[in-house]
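What follows is one structure encoded as structure tokens, with my remarks underneath.
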Amino acid sequence: MPKSTLLNSRMKKYAYRDAQEIYQDIPTTPNGLPLGQIEAMRDKYGENRLTGRRNDTLWYRLRRAFINPFTMILFVLAVISFITDVLLVSNFSRNITTVVIICVMILISGAIRLMQELRAKNASDRLERLIHANVTVKRGGVLADVPAEKLVVGDLVFLSAGDRIPADLRLIRTQDLFVSQAAVTGESAILEKSSRANRYSELTPLTQLDNLAFMATSVISGKGEGVVLAVGKDTLYGNFIRPDSDGVSAFQNGANSIAWVMLRFMAVLVPVVFLVSGITKGSWVASFVFALSVAVGLTPEMLPMVVTACLAKGSLSLSKKRTIVKNIDAMQVFGSMDVLCMDKTGTLTNENILLEYYMDVLGNENSEALHLAYLNSFYHSGVRNPIDNAILVCRTMPKQESFYAALVKRYQKADEIPFDYNRKFVSTLVADADGGHELIVKGDIRQVFSRCGFVEYDGELLPVGNGGFDNVASVVDEMLEDGMKVIAVAHKSLGAQDTIALADERDLILTGYLAFFDAPKKSAAESIQALKKLQVRPKILTGDRSEIAVSVCRRVGISVDLVLTGAEINQLPDEQLRSAVEQADVFAELTPGQKVRILGALRENRHTVGFLGDGMNDIPALSEADVGISVDTAVDAAKDIADVVLLQKDLTVLEQGILEGRRTFANMLKYIKITASSNFGNILSIVCASAVLPFLPMTAVQLLLLNLLYDALCIVLPWDSVDEEDTVTPRAWSGKTLARFMCVFGPISSVFDILTFLFLYFVLCPALCGGLTYTQLTDPMLRLKYVAIFQTGWFLESMWTQVLILHLLRTKKVAFLQSRASCPVSFITLAGIVVFTLLTVTPFAAVLGLTRLPLRYFGFLLLTVSLYMLSTTIAKRLYQKRYHELI
């Protein structure tokens, strides 16, 4: 049975029982847990912590840093190399160089990633702020204040106004206890709690059971006592968070697809090289070692390091643009995102709303409704909301401060009934100087009107007749359609009565209405257009009424041709929902679960989906999205589970983040595609050479060194510039496009490798070895010299072409003329060619089997490289014409 179902069942069981039964069942006592039983309850039910999670442990972060598809390929190659080069050979022939180099690459890559992970780790501790306050408990008959994380099941907890409830409780005693459950329901409603053991329907939602109180909710007023039923991750709040999810991310899926392409190429080429080399050279052991070097040569050894460096550099750049990337894998997903789902409040609209109209029952301007509403908001002791704030701003209007000061002085608060979800309004009782008392009610139009017996117009009281609400609708419907929030204001004289009860909220006099405008941000329309230009489709997922959502979306340029409400979504089976989410851009009146279902449907349609949210009710959606985005003003739990945190809730900031994500991804693709195609070309050349040459065209160590030298230069790629055209559309990993790129550009380099082979074997090597080819030579020293010249010649040609082709294929434009690499990339790569060419004239060259070459070879090399670059430029144009992309 799912954990959430077990929680529902257990909590409801205790909601139906009286206090004495609960004490016996847990077991505990009216004086709290005996001191000797506390540790036993902690061992049985766990600690009251939310952060004992795998993604907060050092081991989890080490695993993320060092275990991924790319490092696994290298690790397997290192193990095989260790067996063949160390364990299965004599002491004299042992060579651990390959193993050491590969392991160093894995360690450096993992270390870079681990540092990024640890920098973000402190963010995952923010959840505990919700439960770190001290709590008053009774244990063994003694009252004490203990840290909330020390609570155990069975503890007797005391609550008062302003407290944050530290665990899931069954309330035993209450006194005017009102609680805000926004942390678990997303609703701003204030609910009155009781301690009675009612017989609820099995269909009653857990959050509507009024004798239960839940972790992270807040006490608005009153007092209460409760027995702890669940702690930590077993609470309803803890079930919102899915910290142990091992679901595969979009980044991991993409990385896996690239890794599998590499493995498939290895599976085909390595056996071919092994057979061809074994048959032609006669030494199967040497052929196996060389085939292994081919596998190493085909793999971009520094792929994990370059990918990690790109992600780390991108996240650092975003931190300077008011965006914090907590999970560096999200950098790539950020750029790949093609659908962005978000709430409208605070994103499209301002955090604060504006009071636009105050009117009588016929819609005429009427200050009486405003004055009554002001008294209600001023004396309302519950949680302030945007409507209260907008009303109270009236006192700051010109020449109004003294009036409202006098109004408050004239009327003093006597009593109140806070807002709750069922009533949807708040009642305040005020007393005037003469001892008279006036009940003032403001809130939901339908709920307030249903309690009115009269309407007030032009000083006269008129009874509410049949069909009275139709008259109300005729006044307010047009404003609702314009996206305004409208509330009703009513009052009633209670004479000398100085307290109020729910029964007093009837036969009210409807005075008028207040209309508020939820104004779109000035930057909202422009930001929406910028997202569309980036081919990111914005979709609004909101709990507000559909009329309000439509009004705001129409103003900022989001299509409202089809609007789906939560009720309509509940009627759609999954298959129809997958179709509907493609057509609709506005979803209104949603619950948190419905948001998750919409995101799931979009992901099933192969979209890369981002979700921007900041409330507790957004946490399930933040978990479901490919990239969860929150803001620094969000609740701690939302910030904790998000992959990206914006320091400013503005789509302009998000736009910059998307662009940086795409630049990061483009630089990663440059390395992966260009390096893989170059390595593939080298391997094809080796296969061809091994079939006809009497010696290996390059030793295993030389091949590994060639790759490492090239990869060392590529570590600067994260700092390369990216053409604007490459950031226009979302990009995703694709093993298919990688294989296609390798098969097109890899063989081009093989053609020029073969030309180099022919020149070296029949022209240069004989010219430096007495005019004879290798098979004609009998002197072993000359044969060694012949091989060294050949291998050095191809080593240099491979190095030059690999480095220069990086400049050619990094852009769709004409390299060096229309698009230049960044200064760091240009300097490092060109300096690398010079340094690695000079390597062949150093004493170290002899250790590697390399030798000095005459100047005339470099004339041939320049000509070959020039022809290669020309051929690649032509192939690049044809490739783009056919596939409409390059990198």
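665 is the number of the first residue of the sequence shown in my numbering; add one for each residue after it. Virtual Cβ for every residue (Gly too), placed ideally from N, Cα, C.
According to DSSP, residue i sits in a beta bridge with which residue or residues?
{"i": "Lys1568", "result": "Outside the shown range of the chain, which is 665 to 1551, sits residue 1568, and nothing can be said about it."}
{"i": "Asn798", "result": "Pro811"}
{"i": "Tyr1521", "result": "DSSP lists no partner for Tyr1521."}
{"i": "Thr944", "result": "According to DSSP, which records beta bridges pairwise, Thr944 is partnered with nothing at all."}
{"i": "Met1006", "result": "Ile1204 and Leu1276"}
{"i": "Val1119", "result": "Leu1126 and Leu1174"}
{"i": "Ile1293", "result": "Leu1276 and Val1308"}
{"i": "Ala877", "result": "Leu833"}
{"i": "Phe822", "result": "Thr800 and Glu889"}
{"i": "Val806", "result": "Arg803"}
{"i": "Ala1095", "result": "Gln1076 and His1101"}
{"i": "Arg828", "result": "Ser882"}
Alpha helix (DSSP H) containing residue i: first to last residue?
{"i": "Leu1588", "result": "Within the shown structure, residues of the chain are numbered from 665 to 1551, placing residue 1588 beyond reach of any answer."}
{"i": "Met995", "result": "Ala994 to Ser1000"}
{"i": "Ala1033", "result": "Ser1031 to Tyr1043"}
{"i": "Lys1077", "result": "First-last for Lys1077: Gln1076 to Ile1081, but that is the beta strand (DSSP E), not the alpha helix (DSSP H)."}
{"i": "Asp1134", "result": "Gly1132 to Glu1145"}
{"i": "Ala1285", "result": "Ile1283 to Glu1288"}
{"i": "Phe1251", "result": "Careful: Phe1251 lies outside any alpha helix (DSSP H), inside the beta strand (DSSP E) at Val1250 to Ala1252."}
{"i": "Leu1241", "result": "Asp1238 to Gln1247"}
{"i": "Thr1501", "result": "Cys1487 to Leu1502"}
{"i": "Ala1213", "result": "Ser1210 to Val1220"}
{"i": "Phe1508", "result": "Phe1508 to Leu1512"}
{"i": "Asp689", "result": "Ala683 to Asp689"}
Have a look at residue i and residue j and give me their C-alpha separation to the nearest angstrom.
{"i": "Asp682", "j": "Gln1161", "result": "35 Å"}
{"i": "Gln1111", "j": "Ala808", "result": "43 Å"}
{"i": "Phe746", "j": "Met736", "result": "15 Å"}
{"i": "Phe1426", "j": "Ile1347", "result": "22 Å"}
{"i": "Thr987", "j": "Phe998", "result": "12 Å"}
{"i": "Lys1337", "j": "Val1351", "result": "21 Å"}
{"i": "Tyr680", "j": "Leu697", "result": "22 Å"}
{"i": "Phe1480", "j": "Ser1349", "result": "28 Å"}
{"i": "Arg928", "j": "Gly1345", "result": "16 Å"}
{"i": "Thr1537", "j": "Ser1530", "result": "11 Å"}
{"i": "Leu1422", "j": "Pro1488", "result": "36 Å"}
{"i": "Val970", "j": "Ala1189", "result": "38 Å"}
{"i": "Gln872", "j": "Ile884", "result": "17 Å"}
Quick one, which of the options has its alpha-carbon nearest residue i's?
{"i": "Arg1541", "options": "Arg1219, Val1478 and Ile992", "result": "Val1478"}
{"i": "Leu823", "options": "Val1415, Thr800, Ile1347 and Asp840", "result": "Thr800"}
{"i": "Leu1526", "options": "Gly978, Leu1460, Leu1381 and Met1143", "result": "Leu1460"}
{"i": "Ile829", "options": "Val768, Val891, Val1139 and Leu1473", "result": "Val891"}
{"i": "Ala1376", "options": "Tyr1335, Pro1394 and Phe1359", "result": "Tyr1335"}
{"i": "Ile1164", "options": "Leu1103, Leu1144, Ala931 and Gly1129", "result": "Leu1103"}
{"i": "Lys1552", "options": "Leu1310, Arg1520 and Ser1414", "result": "Coverage of the chain is limited to positions 665 through 1551, which leaves residue 1552 absent and any answer about it impossible."}
{"i": "Phe1500", "options": "Leu1370, Thr1437, Val1119 and Phe1421", "result": "Leu1370"}
{"i": "Gly1123", "options": "His1101, Ala1033 and Arg1074", "result": "Ala1033"}
{"i": "Arg674", "options": "Ala861, Leu855 and Leu870", "result": "Leu870"}
{"i": "Ile1305", "options": "Leu1318, Ile1283, Ile1418 and Arg1326", "result": "Ile1283"}
{"i": "Gln839", "options": "Phe1329, Lys857, Leu1402 and Ala1179", "result": "Lys857"}
Mapping DSSP to helix, strand and coil, what is residue i?
{"i": "Met1061", "result": "coil"}
{"i": "Tyr1021", "result": "strand"}
{"i": "Thr868", "result": "coil"}
{"i": "Pro1184", "result": "strand"}
{"i": "Glu711", "result": "coil"}
{"i": "Glu1324", "result": "helix"}
{"i": "Val989", "result": "strand"}
{"i": "Asp840", "result": "strand"}
{"i": "Leu618", "result": "A query on residue 618 cannot be resolved here, the shown segment of the chain reaching from 665 to 1551 and no further."}
{"i": "Thr1229", "result": "strand"}
{"i": "Met1445", "result": "helix"}
{"i": "Ala1376", "result": "helix"}
{"i": "Leu1436", "result": "coil"}
{"i": "Val817", "result": "coil"}
{"i": "Gly1159", "result": "strand"}
{"i": "Val883", "result": "strand"}
{"i": "Arg727", "result": "helix"}
{"i": "Met1148", "result": "strand"}
Quick check: is any heavy atom of the ligand ZN less than 7 Å from the C-beta of residue i?
{"i": "Leu1004", "result": "As presented, the structure is devoid of all ligands, the ligand ZN included, so that no description of it is given."}
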